[in-house]
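Under numbering that gives the first Met the number 0, the first residue of the sequence shown is numbered 0, with each subsequent residue one higher.
C-beta: ideal position from N, C-alpha, C; glycine also.
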Amino acid sequence: MSISLKEIQAPIAQEMELFEKKFRTSMKSKVLLLDKIMGYIVKRKGKQMRPMFVFFMAKLFRGDAIGDATYRGAALIELLHTATLVHDDVVDEANYRRGFFSVNALWKNKIAVLVGDYLLSKGLLLSLQNDDYELLKIVSNAVKEMSEGELLQIEKARRLDIDESVYFDIIRQKTASLIASCCAVGAASAGASKEDIEKARLFGEKVGIAFQIKDDLFDYGTAEIGKPVGIDIKEKKMTLPLIHALREADWMTRRRVIYNVKNNNGDNKRVQQVIDYVKTSGGIQYTIEAMNQYHAEALAILHTFPASPSRTSLEQLIAYTIEREK
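Have a look at this one:
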């Protein structure tokens with residue numbers, strides 16, 4: 000990676016610092032237990048790419064004149080997204096997130112569900128109290144899409160009948176809709192036209208799809224990452240490398256590979272056989288080409304906006320999404 004996320008973030012370092020203070024304030028509660036959990040959640044923040052997309056997109060339209068609406072938009076996305084993550088960990092019975100104990104692991108499911116509800120209501124109130132109806136509409140739609148995408152994946156995973164079109168529907172809803180909403184919120188909070196807000200949303204969607212494809216490639220050992228190699232296969236998730244490999248396979252090979260996916264039971268030998276087949280059948284190269292295509296489409300949309308430091312930063316940020324090693 001030629002440039003780090005910290006270097007990309009440098010032009011908005013002040014905005015990000017102020018945002019973090021505002022976000023911490025928005026998480027405060029008078030209930031001691033809730034305040035303790037909120038503090039724990041804030042300390043576990045990830046790369047913070049979501050607010051970066053919001054601020055860079057807002058600057059694309061307003062230069063350095065970032066208003067309070069942009070900060071509220073970034074906070075709204077973080078609140079609603081964090082709510083979905085807390086609920087996801089309950090649904091998945093996950094004890095860890097980003098190497099830390101999940102809320103449900105430390106405080107049990109009942110409290111985790113209530114914490115997710117609290118975060119959701121905080122986001123809604125933040126928008127309603129400031130008449131940010133356009134921002135709330137954008138982010139609420141993303142949460143709806145994420146829920147639908149998760150349910151679609153669960154429905155299809157039972158039969159392992161996910162083809163390429165269904166795969167792209169799932170990742171567009173599950174992952175890309177959130178990054179799309181970040182970009183749309185950034186544009187809307189800066190007073191962009193409806194046409195430009197939609198272009199910003201579509202740009203974010205393309206970036207989000209490329210981002211998820213990169214994540215799916217990690218499952219085949221394309222880089223040293225925290226996520227164990229083969230975890231998607233162990234969880235019987237159909238991702239693009241495997242979908243393409245099965246499409247190219249003869250009937251007998253396809254049957255054998257699907258059997259190994261369905262009945263791997265965590266067996267590393269069977270999982271490795273699937274990985275080896277995908278690699279030799281061209282599944283990895285096909286997936287890399289698909290990722291690069293979405294990257295190119297995102298760039299094409301971005302280049303319809305005038306050249307500026309913010310546009311350059313967004314170019315760097317989308318390059319990071321497909322060149323990152325974790």
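* Start and end of the alpha helix (DSSP H) containing Leu159? -> No alpha helix (DSSP H) holds Leu159; DSSP gives it neither H nor E.
* Give me the Cα-Cα distance between Gln315 and Ile7, rounded to the nearest whole angstrom. => Those two C-alpha atoms are separated by around 7 Å.
* Asked: What did DSSP end up calling Arg246 once you bin it into helix, strand or coil?
  -> Three-state DSSP puts Arg246 in a helix.
* **Buried versus exposed call for Asn94 [16 or more other C-beta atoms within 10 Å across all chains shown]** => Exposure of Asn94 is indicated by the presence of fewer than 16 other C-beta atoms within 10 angstroms of its C-beta.
* Kindly indicate which three-state DSSP category Tyr219 falls into: helix, strand or coil? => Note: Tyr219 maps to coil in three-state DSSP.
* Other residues of its chain near Ile137: CB distance less than 6 Å, five sequence neighbours each side excluded -> If we look at Ile137 and ignore the five residues flanking it on each side, its Cβ neighbours are Ser180, Ala183 and Val184.
* Continuous alpha helix (DSSP H) stretch holding Ser120: start and end -> Looking at the DSSP string, the run of the alpha helix (DSSP H) that includes Ser120 is Val102 to Gln128.
* Simplified DSSP state of Phe330, which is helix, strand or coil -> Summary: the structure shown does not reach residue 330, with the chain confined to residues 0 through 325, and so no result is reported for it.
* To do: Work out the CA separation of Leu75 and Thr81 for me, nearest whole Å.
  => Thr81 and Leu75: Cα-Cα distance of roughly 10 Å.
* To do: Indicate the three-state DSSP secondary structure (helix, strand or coil) for Met342 in the structure shown.
  => Because the chain spans 0 through 325 in this model, residue 342 falls outside it and cannot be assessed.
* To do: Report all residues from its chain with a CB closer than 8 Å to the CB of Lys46; omit the five preceding and five following residues, and keep chain order.
  => Here the set comprises Leu4.
* Outcome for Ala111 when other beta-carbon atoms lying within 10 angstroms are tallied against a minimum of 16 -> The residue in question, Ala111, is buried, as its Cβ has 16 or more Cβ neighbours within 10 Å.
* **Closest by C-alpha distance to Ile300, when choosing among Glu92, Val114, Thr252 and Glu197** => Comparing Cα positions, the closest option is Glu197.
* **Limits of the alpha helix (DSSP H) - the one that His86 falls within** => Element bounds for His86: Asp67 to Val90.
* DSSP-derived helix/strand/coil call for Gly148 -> In the three-state DSSP reduction, Gly148 falls in the helix class (H, G or I).
* Could you tell me the boundaries of the alpha helix (DSSP H) in which Glu234 lies? => It is not in any alpha helix (DSSP H) - Glu234 carries neither H nor E in the DSSP assignment.
* To do: Please list the segments of the alpha helix (DSSP H) lying wholly inside the region 158-217, counting only runs of 4 or more residues, in order along the chain.
  => Counting only runs of 4 or more, we get 163-170, 176-188 and 193-217.
* **Residue span of the alpha helix (DSSP H) that contains Val273, given as start and end** => Per DSSP, the unbroken alpha helix (DSSP H) holding Val273 starts and ends at Asn267 to Thr279.
* Asked: With a Cβ-Cβ cutoff of 8 Å, do Ser28 and Asp34 count as a contact?
  -> Yes. Within cutoff.
* Asked: Under the rule that 16 or more other beta-carbon atoms within 10 Å means buried, what is Arg200, buried or exposed?
  -> Under the 10 Å beta carbon count, Arg200 is surrounded by 16 or more other beta carbons and is classified as buried.
* Outcome for Gly326 when other beta-carbon atoms lying within 10 angstroms are tallied against a minimum of 16 -> Only positions 0 to 325 of the chain appear in the structure, and residue 326 is not among them; the question remains open.
* To do: Please go through the same chain and pick out, in chain order, the residues whose beta-carbon is closer than 8 Å to the beta-carbon of Arg49, but skip the five residues on each side of it.
  => Cβ contact annotation for Arg49 (same chain, cutoff 8 Å, sequence separation greater than five): Ala73, Ile76, Glu77, His80, Leu177, Ile178 and Cys181, in chain order.
* Measure the alpha-carbon distance for Thr174 versus Asp168 and round it to whole angstroms. => The straight-line gap from Cα to Cα measures roughly 10 Å.
* Asked: Does the separation of the CB atoms of Ile274 and Tyr166 fall below 8 Å?
  -> Pairing Ile274 with Tyr166 gives a Cβ-Cβ distance that is not under 8 Å.
* Selected residue, minimal CA-CA separation from Arg310, among Ile321, Lys261, Leu298 and Tyr319 -> With distances taken between Cα atoms, Arg310 lies closest to Leu298.
* The alpha helix (DSSP H) enclosing Val41, as first and last residue numbers -> Run containing Val41: Leu31 to Lys42, per the alpha helix (DSSP H) assignment.
* Would you give the residue range spanned by the alpha helix (DSSP H) that Lys58 belongs to? => Lys58: member of the alpha helix (DSSP H) spanning Met48 to Arg61, first to last residue.
* **Backbone secondary structure at Glu19 - three-state DSSP** => Glu19: helix per DSSP, three-state reduction.
* Could you give the residue range of the alpha helix (DSSP H) that holds Ile7? -> Residues Leu4 to Gln8.
* Asked: If you draw a straight line from the alpha carbon of Gly134 to that of Val114, how long is it in whole angstroms?
  -> Reading off the sequence, residue 134 comes out as Leu, not Gly. If I take the Cα positions, the gap works out to 23 Å.
* In angstroms, rounded to a whole number, what distance separates the CA positions of Thr303 and Glu149? -> C-alpha separation (whole angstroms): 32 Å.
* To do: Determine the DSSP secondary structure at Gly225, reduced to helix, strand or coil.
  => Low confidence applies here, because Gly225 scores a pLDDT of 41, under 50, leaving its location unreliable; read the following figure in that light. Gly225: coil per DSSP, three-state reduction.
* Asked: Do Thr69 and Ser192 have their C-beta atoms within less than 8 Å of each other?
  -> No; because the gap between Cβ atoms is not below 8 Å, this pair is not in contact.
* Asked: Secondary structure at Pro305, three-state DSSP: helix, strand or coil?
  -> Coil, per DSSP.
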